[in-house]
Amino acid sequence: MFWPRRFRHVYRTGAWRDAVVPGARLRAALEAAVSVHVVARLGMSARYVHGEPGMWRAAKGRRTSTLSGGWKSLISQKHKAPCHGIRATHSEAGSSNATQHQSGKNGNLDALRVKAESGDAIAQYEMGVALEHAIDNQAANKEKAFVWYRQAAVQGHAAAQLAVGHFYSTGYQSLRENQSAAVDWYLKAARQGCTSAQLIVGACYEHGRAYLTPDTREAMDWYLKAARGNEILAQYKLGEYYEHGKCGLSKDGQEAVSWYRTAAMQGYAEAQNRLGVAYEHGELGLDCNLSLAVEFYQQAADQNLADAQCNLGLSYFHGKGNLVVNYSEAVHWMRQAAAQDCAKAQNYLGVWFRDGLADLPRDEHEALNLISKAVIAGLADAQNNLGKMFTNEQAGLRKHMRAPWKWKTYLESNRKGRFAKYRRADFDLYFRAAEQGHVDAQYNVGLCQEFGKEAKYRTQLDLDDALLWYRKAAMAGHPAAMFKVGDFCERGEGGAYRDLVEAWQWYQKAADLNNADAQYKVADAYEHGKFKLAVNKRIATTWYERAAVLGHMEAQYLMGVRCQYGTSGVSVDTAKAVAWYRKAAKQGHAEAQYLIGLCFLHGKAGQPVDKKEAIRWFLAAAEKDHAAALNNMAVMYAQGSGGLQVDEDAAVTLYRKAAELGHTGALVNLGLCFEKGGLGVPMDSRKAFKRYRKAAMRGHAGAQFKVGSFYELGKASLATDEVMAIYWFFKAAKQGHTDAQLKVATYYKEGKGGLPVNGAAATTWYQKAVSKGSAPAQSHPKENALKSQQL
Numbered sequence: 001m002f003w004p005r006r007f008r009h010v011y012r013t014g015a016w017r018d019a020v021v022p023g024a025r026l027r028a029a030l031e032a033a034v035s036v037h038v039v040a041r042l043g044m045s046a047r048y049v050h051g052e053p054g055m056w057r058a059a060k061g062r063r064t065s066t067l068s069g070g071w072k073s074l075i076s077q078k079h080k081a082p083c084h085g086i087r088a089t090h091s092e093a094g095s096s097n098a099t100q101h102q103s104g105k106n107g108n109l110d111a112l113r114v115k116a117e118s119g120d121a122i123a124q125y126e127m128g129v130a131l132e133h134a135i136d137n138q139a140a141n142k143e144k145a146f147v148w149y150r151q152a153a154v155q156g157h158a159a160a161q162l163a164v165g166h167f168y169s170t171g172y173q174s175l176r177e178n179q180s181a182a183v184d185w186y187l188k189a190a191r192q193g194c195t196s197a198q199l200i201v202g203a204c205y206e207h208g209r210a211y212l213t214p215d216t217r218e219a220m221d222w223y224l225k226a227a228r229g230n231e232i233l234a235q236y237k238l239g240e241y242y243e244h245g246k247c248g249l250s251k252d253g254q255e256a257v258s259w260y261r262t263a264a265m266q267g268y269a270e271a272q273n274r275l276g277v278a279y280e281h282g283e284l285g286l287d288c289n290l291s292l293a294v295e296f297y298q299q300a301a302d303q304n305l306a307d308a309q310c311n312l313g314l315s316y317f318h319g320k321g322n323l324v325v326n327y328s329e330a331v332h333w334m335r336q337a338a339a340q341d342c343a344k345a346q347n348y349l350g351v352w353f354r355d356g357l358a359d360l361p362r363d364e365h366e367a368l369n370l371i372s373k374a375v376i377a378g379l380a381d382a383q384n385n386l387g388k389m390f391t392n393e394q395a396g397l398r399k400h401m402r403a404p405w406k407w408k409t410y411l412e413s414n415r416k417g418r419f420a421k422y423r424r425a426d427f428d429l430y431f432r433a434a435e436q437g438h439v440d441a442q443y444n445v446g447l448c449q450e451f452g453k454e455a456k457y458r459t460q461l462d463l464d465d466a467l468l469w470y471r472k473a474a475m476a477g478h479p480a481a482m483f484k485v486g487d488f489c490e491r492g493e494g495g496a497y498r499d500l501v502e503a504w505q506w507y508q509k510a511a512d513l514n515n516a517d518a519q520y521k522v523a524d525a526y527e528h529g530k531f532k533l534a535v536n537k538r539i540a541t542t543w544y545e546r547a548a549v550l551g552h553m554e555a556q557y558l559m560g561v562r563c564q565y566g567t568s569g570v571s572v573d574t575a576k577a578v579a580w581y582r583k584a585a586k587q588g589h590a591e592a593q594y595l596i597g598l599c600f601l602h603g604k605a606g607q608p609v610d611k612k613e614a615i616r617w618f619l620a621a622a623e624k625d626h627a628a629a630l631n632n633m634a635v636m637y638a639q640g641s642g643g644l645q646v647d648e649d650a651a652v653t654l655y656r657k658a659a660e661l662g663h664t665g666a667l668v669n670l671g672l673c674f675e676k677g678g679l680g681v682p683m684d685s686r687k688a689f690k691r692y693r694k695a696a697m698r699g700h701a702g703a704q705f706k707v708g709s710f711y712e713l714g715k716a717s718l719a720t721d722e723v724m725a726i727y728w729f730f731k732a733a734k735q736g737h738t739d740a741q742l743k744v745a746t747y748y749k750e751g752k753g754g755l756p757v758n759g760a761a762a763t764t765w766y767q768k769a770v771s772k773g774s775a776p777a778q779s780h781p782k783e784n785a786l787k788s789q790q791l
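1 is the number of the first residue of the sequence shown in the UniProt record's numbering; add one for each residue after it.
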């Protein structure tokens, strides 16, 4: 059997309305008979109520796909539809006995049976309907129903011929399936003008059923006959064929729209939704018109078409066309579609719950439930989204969990294959979506190949595969994948030769598509003259700003630097500088956090003096091992400022940490601690000199002065050495250290350290020191430590 037995079919013809049918229940049942269109292969279910001949009005029911299941699905659908476009050949007989039937309308089937046994084709057909569907307390009896259908069909009753054809097509119990006989009966009904049969015959010729050879021209003739006879499914099918160029037709968007519109005007929800999509995206030669798109979505959604409800929900979510953003309506329609197992709606609703969108509470477990349903339905976008939940370890998921659904068997069966080495559920989901052509999933597969294993276990094959997937996604227009391909080409990895020309081309493409990483890369290239470009800091600033607006952290910091110092074509604007620094700081940029802390510490750039706020930002930067922030926190612990209690141990620990990270101010502060015995550190002039000298070698003026002083006084077991002393004093003096400048003036005046007596030089150095104001010597690290910090 081609179709499940659970689907019930109702056959009707327009002729029975002209006869008087005995039995009120039978008449009511026939008038309200519902034709359930089921495409089992695609899981589609829809219900239609028959109105005037050739016209359809959709009733509530589930439909989630178009009529693309082939001739089997079409035959199944059209057997359940009434036979349009004809009148029964024996309507005259039914009409002549109208008075007799009217008088018995409150009886049972006996009168109808008598009429049927007398050879009335209409009555025979209606007896078949009653017996097949257990109408009027009759037990369902398909065998007897078939007998009555056949008797009516032999007399030329088109709807009965259609019914007999379907009985032969599907078979049942004692009746074997016989496709040839089915085609014979379909042809008989079609030749009488039954549009439902004409549509089926068209499908038979298209697919070459039974003894018919595939003949697209003949198929199109029958489809056109059905469509012109107002067969709505034929009209919609013609629209699809013209759209995709099937059945020997060339693609013709205008003709497709014409047929879709014809079906839509008759209330066919699938056609209305398709027109809505075409208007939304400007397809099939139509101009983009979001208002019309929303109107068509609404018409189809009101008929309970799940895809249209999903599209309408998205329209409310984004405020498309004449709609304003309305999250309540968006969620309402999306729930309606998701309740009908619309995978797209389940996926979107799941993402909204996952990310807390559309005014929904963030609920990762509900998101997992909804997205998982869409994954099981095979939706590539849902597979990609669920993969992201595994990657981000949301809703209790873990990257390396084994797949908990049907796709576990896929992973298990490929354990010896190329991809089984990852044993990651997120990778498997990405891979399945990527194989379906999902571009973002292809990019994510590339990320898994590149970073899925620790660097020491990563092989060249992993990088080769990563580049392969990046290229696939890049060729499909994925900006982040374009950037990755450019990066691989620049570094010459993943089997790609180092090709700066190709790398630059990919970077430019990605930057033009608003990829922030690529825009930063382009800016950096113009900033430093990379990729054989001439240095152009103004162009670099333009790209830095574009990347910063898109949220690139480093670009935001660099824009802050430009605004602070007024460089590269940017005027000085401290307010903008702080704004950019703050944006970068919120994303975790340590230097920006430190600079924001300085603003609050000293009340600069329009910020009030707020040491507590300064400490908050210094701590944020210190947690990222920012040396200057560690040093400042040490100073504040040593002084007990900003609401902190004095903590000498914490101060020394932070000084050491900052010094280890190469902060010269921290080295000097530690030197002061060892020299003076401050912060609970025992005095040790040798350790002090070691740290001073290390800082002095890095150019710290205060440390250079200290080293000179040690040589001058012979501290730390050093022999007195005025030559070495003046060497270090000179270094510090040239950097503007006033005490060092006074020392140099003294040495010139007295002719010490190997210098000749030179009053003019001494006067010059005295004047330099006096102009800046000479500073007293430092006496204690707890009191003077702030002098050496870089604020």
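All C-beta atoms, glycine included, are put in the ideal place defined by N, C-alpha and C. From a predicted model like this one, the values you see are computed outputs, not experimental measurements.
Boundaries for residue 287: no alpha helix (DSSP H) harbours it, and the DSSP string shows neither H nor E there.
About 6 Å separates the beta carbons of residue 667 and residue 694, which is inside the 8 Å limit, making them a contact pair. Rounded to whole angstroms, residue 484 and residue 509 show a C-alpha spacing of 12 Å. In this structure, the beta-carbon distance from residue 540 to residue 557 does not fall below 9 Å.
With a cutoff of 9 Å on beta-carbon distance, residue 182 and residue 168 are scored as near each other.
Residue range 142-154 is occupied by the alpha helix (DSSP H) that includes residue 150.
Annotation: residue 277 to residue 431 spans about 28 Å, alpha carbon to alpha carbon. Taking all protein chains in view, the Cβ of residue 471 is crowded by 16 or more other Cβ atoms within 10 Å, so the residue is classified as buried. Along the length of the region 214-296, whole beta strand (DSSP E) runs at least 3 residues long do not occur. A direct Cα-Cα distance of roughly 29 Å separates residue 504 from residue 433. The straight-line gap separating the alpha-carbon atoms of residue 722 and residue 746 is approximately 12 Å. Separation of residue 365 and residue 453 (C-alpha to C-alpha, rounded to the nearest whole angstrom) is 28 Å. By the CB criterion at 9 Å, residue 761 and residue 748 fall inside the cutoff. Minimum Cα-Cα distance from residue 652 among the listed residues 594, 711, 636, 641 corresponds to 636.
Taking 9 Å as the cut-off, the Cβ atoms of residue 272 and residue 300 count as close. Just measuring C-alpha positions, the residue of 670, 678, 699, 701 sitting nearest residue 687 is 670. According to DSSP, residue 175 shares a beta bridge with 172.
Separation of residue 191 and residue 286 (C-alpha to C-alpha, rounded to the nearest whole angstrom) is 37 Å. The DSSP-derived three-state label of residue 720 is coil.
Annotation for residue 497: no alpha helix (DSSP H) segment contains it, and DSSP assigns it neither H nor E.
An exposed status is given to residue 324, since fewer than 16 other beta-carbon atoms sit within 10 Å of its beta-carbon.
For residue 210, there is no enclosing alpha helix (DSSP H), as DSSP marks it with neither H nor E.
In the three-state DSSP reduction, residue 635 falls in the helix class (H, G or I). Our two residues, residue 712 and residue 619, have alpha carbons roughly 40 Å apart in a direct line. An exposed status is given to residue 461, since fewer than 16 other beta-carbon atoms sit within 10 Å of its beta-carbon. With a 10 Å radius around the Cβ and a threshold of 16 neighbouring Cβ atoms, residue 738 comes out buried. Between residue 492 and residue 466, the C-beta gap is not smaller than 9 Å, which leaves the two residues out of contact. For residue 703, the closest C-alpha among the options 675, 598, 223, 680 is that of 675. Straight across, the Cα-Cα distance linking residue 516 with residue 392 is about 21 Å. Per DSSP, the unbroken alpha helix (DSSP H) holding residue 578 starts and ends at 574-586. Just measuring C-alpha positions, the residue of 296, 706, 289 sitting nearest residue 268 is 296. Counting along the chain, residue 711 sits inside the alpha helix (DSSP H) bounded by residues 701-713.
Linking residue 356 to residue 328 through their CA atoms gives a straight-line distance of about 14 Å. Assigned with DSSP and collapsed to three states, residue 630 falls in helix. Using a Cβ distance threshold of 9 Å, residue 383 and residue 441 count as a contacting pair. The alpha-carbon separation between residue 318 and residue 490 amounts to approximately 39 Å.
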